[in-house]
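Numbered per the numbering used here, the sequence shown spans residues 42 to 323.
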Amino acid sequence: MAAPICKKKVVFIMGSTGTGKTKLSINLGSQIQSEIINSDKIQVYKGLDILVNKIPESERCGIPHHLLDIIEDHDYTFTSDDFCKHALAAIDLIHQNGHLPIIVGGSNNYLEALVENPNNAFRSKYECCFIWLHVSLPVLFQYLDKRVDEMVDAGLVDEIREAYVPGASYSHGLRRAIGVAEFDQYILIEKESHDEVYKEKMLQDAIRRTKENTFKLAEVQLQKIHRLNYELGWGMNMIDSTLVFDAILRGQKYMDLYQEIILKPSMNVVHKFLEEGTQEAP
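As C-alpha coordinates, this is what we get:
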(Lines of atoms letter the chains of each structure in order from A; the text may use other names.)
(Lines give C-alpha, C1' and ligand atoms only; values in the text may rest on other atoms or scores of the structure.)
Protein backbone atom coordinates (compact mmCIF):
# COMPACT_ATOMS: atom_id res chain seq x y z
CA MET A 42 0.00 0.00 0.00
CA ALA A 43 1.39 3.42 -1.01
CA ALA A 44 2.32 5.79 1.76
CA PRO A 45 0.05 8.84 2.11
CA ILE A 46 1.28 12.00 0.40
CA CYS A 47 2.47 14.55 2.95
CA LYS A 48 1.07 17.93 1.99
CA LYS A 49 2.84 21.14 2.83
CA LYS A 50 0.97 23.46 5.17
CA VAL A 51 -0.37 26.98 4.75
CA VAL A 52 -2.13 29.19 7.30
CA PHE A 53 -4.66 31.84 6.25
CA ILE A 54 -5.75 34.76 8.43
CA MET A 55 -9.02 36.22 7.16
CA GLY A 56 -11.57 38.79 8.27
CA SER A 57 -13.18 42.08 7.33
CA THR A 58 -11.12 45.23 7.14
CA GLY A 59 -9.98 46.47 10.55
CA THR A 60 -10.40 43.18 12.43
CA GLY A 61 -6.74 42.85 13.42
CA LYS A 62 -5.42 40.40 10.81
CA THR A 63 -2.03 42.09 10.48
CA LYS A 64 -1.47 42.30 14.24
CA LEU A 65 -2.28 38.63 14.67
CA SER A 66 0.00 37.62 11.79
CA ILE A 67 2.93 39.42 13.44
CA ASN A 68 2.13 37.88 16.83
CA LEU A 69 1.98 34.38 15.33
CA GLY A 70 5.02 34.98 13.16
CA SER A 71 7.02 36.08 16.20
CA GLN A 72 6.45 32.68 17.84
CA ILE A 73 6.56 30.38 14.80
CA GLN A 74 9.20 30.22 12.08
CA SER A 75 7.10 31.78 9.35
CA GLU A 76 6.89 34.32 6.55
CA ILE A 77 3.88 36.45 5.65
CA ILE A 78 2.20 36.76 2.26
CA ASN A 79 -0.01 39.81 1.73
CA SER A 80 -3.38 39.11 0.11
CA ASP A 81 -4.72 42.68 0.13
CA LYS A 82 -5.21 43.85 -3.46
CA ILE A 83 -4.29 47.45 -2.62
CA GLN A 84 -1.26 46.82 -0.40
CA VAL A 85 0.58 45.20 -3.32
CA TYR A 86 1.13 48.76 -4.62
CA LYS A 87 3.76 51.20 -3.46
CA GLY A 88 2.21 54.30 -1.94
CA LEU A 89 -0.79 55.48 0.14
CA ASP A 90 0.55 53.67 3.19
CA ILE A 91 -1.64 55.57 5.66
CA LEU A 92 -4.81 55.12 3.64
CA VAL A 93 -4.38 51.36 3.15
CA ASN A 94 -3.13 50.85 6.73
CA LYS A 95 0.09 49.20 5.55
CA ILE A 96 2.30 47.91 8.33
CA PRO A 97 5.60 49.85 8.49
CA GLU A 98 8.77 47.80 8.11
CA SER A 99 9.77 48.85 11.62
CA GLU A 100 6.76 46.98 13.03
CA ARG A 101 7.26 43.72 11.09
CA CYS A 102 9.52 42.26 13.81
CA GLY A 103 11.98 41.07 11.19
CA ILE A 104 9.43 38.68 9.68
CA PRO A 105 9.82 38.49 5.89
CA HIS A 106 6.79 39.87 4.02
CA HIS A 107 5.87 38.99 0.45
CA LEU A 108 3.61 40.79 -2.06
CA LEU A 109 3.85 44.15 -0.28
CA ASP A 110 4.90 47.19 -2.34
CA ILE A 111 5.67 45.09 -5.41
CA ILE A 112 3.77 47.19 -8.00
CA GLU A 113 5.00 50.70 -8.81
CA ASP A 114 2.58 51.38 -11.69
CA HIS A 115 -0.49 52.83 -9.99
CA ASP A 116 -2.60 52.30 -13.12
CA TYR A 117 -1.88 48.58 -13.39
CA THR A 118 -4.65 46.31 -12.09
CA PHE A 119 -3.20 43.43 -10.12
CA THR A 120 -5.58 40.59 -10.99
CA SER A 121 -6.49 37.35 -9.24
CA ASP A 122 -4.30 35.52 -11.76
CA ASP A 123 -1.39 37.82 -10.86
CA PHE A 124 -1.97 37.12 -7.19
CA CYS A 125 -2.08 33.35 -7.68
CA LYS A 126 1.15 33.39 -9.68
CA HIS A 127 3.03 35.48 -7.09
CA ALA A 128 1.48 33.75 -4.07
CA LEU A 129 2.29 30.24 -5.29
CA ALA A 130 5.89 31.27 -5.97
CA ALA A 131 6.13 32.83 -2.50
CA ILE A 132 4.65 29.73 -0.83
CA ASP A 133 7.21 27.50 -2.52
CA LEU A 134 10.06 29.82 -1.54
CA ILE A 135 8.89 29.99 2.08
CA HIS A 136 8.70 26.20 2.30
CA GLN A 137 12.17 25.96 0.80
CA ASN A 138 13.31 28.25 3.62
CA GLY A 139 11.83 25.76 6.08
CA HIS A 140 9.21 28.25 7.23
CA LEU A 141 5.41 28.33 7.46
CA PRO A 142 3.55 30.56 4.96
CA ILE A 143 0.91 32.77 6.59
CA ILE A 144 -1.38 34.42 4.05
CA VAL A 145 -3.00 37.57 5.42
CA GLY A 146 -5.48 39.99 3.89
CA GLY A 147 -9.05 40.90 3.12
CA SER A 148 -9.22 40.37 -0.64
CA ASN A 149 -11.30 37.21 -0.51
CA ASN A 150 -11.63 37.00 -4.29
CA TYR A 151 -7.86 36.49 -4.41
CA LEU A 152 -8.05 33.76 -1.80
CA GLU A 153 -10.93 31.98 -3.51
CA ALA A 154 -9.03 32.02 -6.81
CA LEU A 155 -5.94 30.62 -5.11
CA VAL A 156 -7.69 27.81 -3.24
CA GLU A 157 -10.59 26.90 -5.53
CA ASN A 158 -9.23 27.37 -9.07
CA PRO A 159 -8.57 23.81 -10.32
CA ASN A 160 -5.64 25.07 -12.40
CA ASN A 161 -3.75 25.71 -9.17
CA ALA A 162 -4.50 22.24 -7.73
CA PHE A 163 -4.03 23.97 -4.38
CA ARG A 164 -5.90 21.51 -2.21
CA SER A 165 -3.97 18.57 -3.62
CA LYS A 166 -0.64 20.24 -2.82
CA TYR A 167 -1.28 22.04 0.43
CA GLU A 168 -3.06 21.49 3.69
CA CYS A 169 -4.89 24.63 4.81
CA CYS A 170 -5.70 26.15 8.17
CA PHE A 171 -8.14 29.07 8.04
CA ILE A 172 -8.40 31.53 10.94
CA TRP A 173 -11.31 33.97 10.68
CA LEU A 174 -11.15 37.05 12.90
CA HIS A 175 -14.71 38.22 13.44
CA VAL A 176 -15.95 41.43 15.06
CA SER A 177 -19.68 42.14 15.22
CA LEU A 178 -20.49 44.82 12.65
CA PRO A 179 -21.93 47.45 15.04
CA VAL A 180 -18.71 47.38 17.07
CA LEU A 181 -16.51 47.12 13.98
CA PHE A 182 -18.21 50.15 12.41
CA GLN A 183 -17.43 52.23 15.51
CA TYR A 184 -13.82 51.10 15.36
CA LEU A 185 -13.51 51.86 11.63
CA ASP A 186 -15.04 55.30 12.20
CA LYS A 187 -12.34 55.96 14.81
CA ARG A 188 -9.63 54.54 12.57
CA VAL A 189 -10.45 56.88 9.68
CA ASP A 190 -10.25 59.85 12.06
CA GLU A 191 -6.86 58.61 13.23
CA MET A 192 -5.71 58.29 9.61
CA VAL A 193 -6.73 61.90 8.96
CA ASP A 194 -4.76 62.99 12.03
CA ALA A 195 -1.76 60.99 10.75
CA GLY A 196 -1.65 62.89 7.45
CA LEU A 197 -4.11 61.05 5.21
CA VAL A 198 -5.20 64.17 3.31
CA ASP A 199 -1.62 65.15 2.50
CA GLU A 200 -0.94 61.61 1.29
CA ILE A 201 -3.96 61.59 -1.03
CA ARG A 202 -3.14 65.10 -2.26
CA GLU A 203 0.40 64.06 -3.22
CA ALA A 204 -0.90 61.04 -5.16
CA TYR A 205 -3.71 62.99 -6.86
CA VAL A 206 -3.81 62.88 -10.67
CA PRO A 207 -6.51 65.04 -12.32
CA GLY A 208 -8.87 62.98 -14.44
CA ALA A 209 -7.40 59.64 -13.38
CA SER A 210 -9.68 56.61 -13.30
CA TYR A 211 -10.74 55.24 -9.93
CA SER A 212 -11.82 51.89 -11.35
CA HIS A 213 -8.43 50.21 -11.52
CA GLY A 214 -4.99 50.13 -9.95
CA LEU A 215 -4.05 51.79 -6.66
CA ARG A 216 -6.78 54.41 -7.04
CA ARG A 217 -9.42 51.77 -6.30
CA ALA A 218 -8.50 52.25 -2.65
CA ILE A 219 -11.38 53.61 -0.60
CA GLY A 220 -10.66 57.27 0.16
CA VAL A 221 -9.04 58.26 -3.13
CA ALA A 222 -12.24 58.90 -5.11
CA GLU A 223 -14.01 60.16 -2.00
CA PHE A 224 -11.48 63.01 -1.64
CA ASP A 225 -11.50 63.92 -5.33
CA GLN A 226 -13.82 66.91 -5.11
CA TYR A 227 -12.14 68.26 -1.99
CA ILE A 228 -8.68 68.13 -3.58
CA LEU A 229 -10.08 69.91 -6.64
CA ILE A 230 -11.77 72.78 -4.82
CA GLU A 231 -9.24 73.36 -2.04
CA LYS A 232 -6.86 75.09 -4.47
CA GLU A 233 -9.55 77.06 -6.27
CA SER A 234 -11.83 78.19 -3.47
CA HIS A 235 -11.07 80.82 -0.86
CA ASP A 236 -14.20 79.94 1.11
CA GLU A 237 -12.77 78.20 4.17
CA VAL A 238 -16.21 77.22 5.47
CA TYR A 239 -17.06 75.56 2.16
CA LYS A 240 -13.70 73.79 2.04
CA GLU A 241 -14.19 72.45 5.56
CA LYS A 242 -17.65 71.21 4.59
CA MET A 243 -16.19 69.41 1.58
CA LEU A 244 -13.44 67.91 3.73
CA GLN A 245 -15.91 66.56 6.28
CA ASP A 246 -18.07 65.20 3.46
CA ALA A 247 -15.06 63.34 2.03
CA ILE A 248 -14.27 61.88 5.43
CA ARG A 249 -17.90 60.83 5.93
CA ARG A 250 -18.08 59.09 2.55
CA THR A 251 -14.75 57.35 3.20
CA LYS A 252 -16.18 55.98 6.44
CA GLU A 253 -19.46 54.90 4.83
CA ASN A 254 -17.73 53.08 2.00
CA THR A 255 -15.36 51.42 4.45
CA PHE A 256 -18.40 50.13 6.35
CA LYS A 257 -19.84 48.78 3.09
CA LEU A 258 -16.54 47.06 2.31
CA ALA A 259 -16.54 45.37 5.72
CA GLU A 260 -20.07 44.07 5.10
CA VAL A 261 -19.20 42.72 1.66
CA GLN A 262 -16.07 41.04 2.98
CA LEU A 263 -18.08 39.38 5.74
CA GLN A 264 -20.63 38.10 3.21
CA LYS A 265 -17.82 36.60 1.11
CA ILE A 266 -16.28 34.93 4.15
CA HIS A 267 -19.67 33.42 5.03
CA ARG A 268 -19.94 32.08 1.49
CA LEU A 269 -16.46 30.56 1.54
CA ASN A 270 -16.99 29.01 4.95
CA TYR A 271 -20.61 27.87 4.88
CA GLU A 272 -21.22 27.25 1.18
CA LEU A 273 -17.80 26.13 -0.03
CA GLY A 274 -16.94 24.40 3.25
CA TRP A 275 -13.60 25.96 4.09
CA GLY A 276 -13.91 24.92 7.73
CA MET A 277 -12.66 28.15 9.24
CA ASN A 278 -11.69 28.57 12.88
CA MET A 279 -13.72 31.62 13.87
CA ILE A 280 -12.21 33.81 16.59
CA ASP A 281 -14.79 36.27 17.91
CA SER A 282 -12.81 39.40 18.77
CA THR A 283 -15.77 41.66 19.58
CA LEU A 284 -15.03 41.99 23.30
CA VAL A 285 -11.46 43.12 22.58
CA PHE A 286 -12.61 45.82 20.16
CA ASP A 287 -15.31 46.93 22.57
CA ALA A 288 -12.62 47.42 25.22
CA ILE A 289 -10.48 49.41 22.76
CA LEU A 290 -13.41 51.70 21.97
CA ARG A 291 -14.07 52.24 25.69
CA GLY A 292 -10.44 53.22 26.22
CA GLN A 293 -9.87 50.24 28.53
CA LYS A 294 -6.75 48.15 28.86
CA TYR A 295 -7.22 45.31 26.41
CA MET A 296 -3.94 43.40 25.99
CA ASP A 297 -4.80 40.72 28.56
CA LEU A 298 -8.15 40.28 26.83
CA TYR A 299 -6.39 40.16 23.45
CA GLN A 300 -4.05 37.44 24.67
CA GLU A 301 -6.90 35.35 26.08
CA ILE A 302 -9.54 35.82 23.37
CA ILE A 303 -7.47 36.16 20.19
CA LEU A 304 -3.80 35.19 20.46
CA LYS A 305 -3.96 32.12 22.67
CA PRO A 306 -6.82 30.41 20.77
CA SER A 307 -5.14 31.25 17.45
CA MET A 308 -1.83 29.81 18.63
CA ASN A 309 -3.64 26.67 19.78
CA VAL A 310 -5.27 26.26 16.38
CA VAL A 311 -1.97 26.69 14.53
CA HIS A 312 0.00 24.39 16.85
CA LYS A 313 -2.64 21.68 16.52
CA PHE A 314 -2.63 22.13 12.75
CA LEU A 315 1.15 21.83 12.56
CA GLU A 316 1.29 18.83 14.88
CA GLU A 317 -1.71 16.86 13.67
CA GLY A 318 -2.83 18.46 10.43
CA THR A 319 -6.38 18.84 11.67
CA GLN A 320 -8.45 21.93 12.32
CA GLU A 321 -10.62 22.33 15.33
CA ALA A 322 -12.42 25.44 16.50
CA PRO A 323 -11.00 26.82 19.75
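A virtual CB, placed ideally from N, CA and C, is assigned to each residue, including glycine. Just so you know, these numbers come straight off a predicted model, no measurement behind them.
Run of the alpha helix (DSSP H) containing residue i, from where it starts to where it stops
i           : result
residue 148 : No alpha helix (DSSP H) holds residue 148; DSSP gives it neither H nor E.
residue 67  : 62 to 70
residue 48  : Looking at the DSSP string, residue 48 is not in any alpha helix (DSSP H), and its letter there is neither H nor E.
residue 225 : 225 to 233
Own chain residues within Cβ distance below 6 Å of residue i, not counting five before or after
i           : result
residue 140 : 74, 75 and 76
residue 279 : 173 and 175
residue 57  : 259, 262 and 263
residue 177 : 283
residue 286 : 176, 180 and 184
Cβ shell of residue i (< 7 Å), same chain only, five flanking positions each side left out
i           : result
residue 200 : 89, 91 and 92
residue 66  : 54, 77, 143 and 145
residue 153 : 269
residue 307 : 65, 69, 172 and 280
residue 42  : Reliability fails at residue 42, whose pLDDT of 35 lies under 50, so the model's placement of it is uncertain and the value that follows must be treated cautiously. Same-chain partners within the cutoff: there are none.
Length of the line joining the Cα atoms of residue i and residue j
i           : j           : result
residue 106 : residue 243 : 38 Å
residue 276 : residue 210 : 38 Å
residue 95  : residue 238 : 32 Å
residue 116 : residue 217 : 10 Å
residue 226 : residue 185 : 23 Å
residue 213 : residue 86  : 12 Å
residue 83  : residue 235 : 34 Å
residue 288 : residue 162 : 42 Å
residue 126 : residue 69  : 25 Å
residue 254 : residue 59  : 13 Å
residue 248 : residue 258 : 15 Å
residue 135 : residue 123 : 18 Å
residue 297 : residue 183 : 22 Å
residue 215 : residue 170 : 30 Å
residue 309 : residue 301 : 11 Å
residue 157 : residue 263 : 18 Å
residue 290 : residue 245 : 22 Å
residue 100 : residue 233 : 39 Å
residue 224 : residue 113 : 22 Å
residue 305 : residue 299 : 8 Å
residue 166 : residue 188 : 39 Å
residue 155 : residue 80  : 10 Å
residue 240 : residue 193 : 15 Å
residue 23  : residue 121 : Lying before the first or after the last residue shown, residue 23 is absent from the chain, which here runs from 42 to 323.
DSSP bridge partner residues for residue i (one or two, in chain order)
i           : result
residue 141 : 75
Sequence-distant residues of its chain with Cβ nearer than 8 Å to residue i (five each side left out)
i           : result
residue 130 : none
residue 63  : 94, 96 and 145
residue 228 : 201, 202 and 205
Give, in chain order, every unbroken run of the beta strand (DSSP E) that is at least 3 residues long and sits entirely within the region 147 to 211. As far as the region 147 to 211 is concerned, its whole beta strand (DSSP E) runs of at least 3 residues are 167 to 175.
Going residue by residue through the region 261 to 312, where are the continuous beta strand (DSSP E) segments of at least 3 residues, counting only ones entirely within it? For the region 261 to 312, whole beta strand (DSSP E) runs of length 3 or above, ordered along the chain, are 278 to 281.
Please give the ranges of any alpha helix (DSSP H) in the region 52 to 139, keeping only runs that are unbroken, at least 4 residues long and fully inside the region. 62 to 70 and 121 to 137
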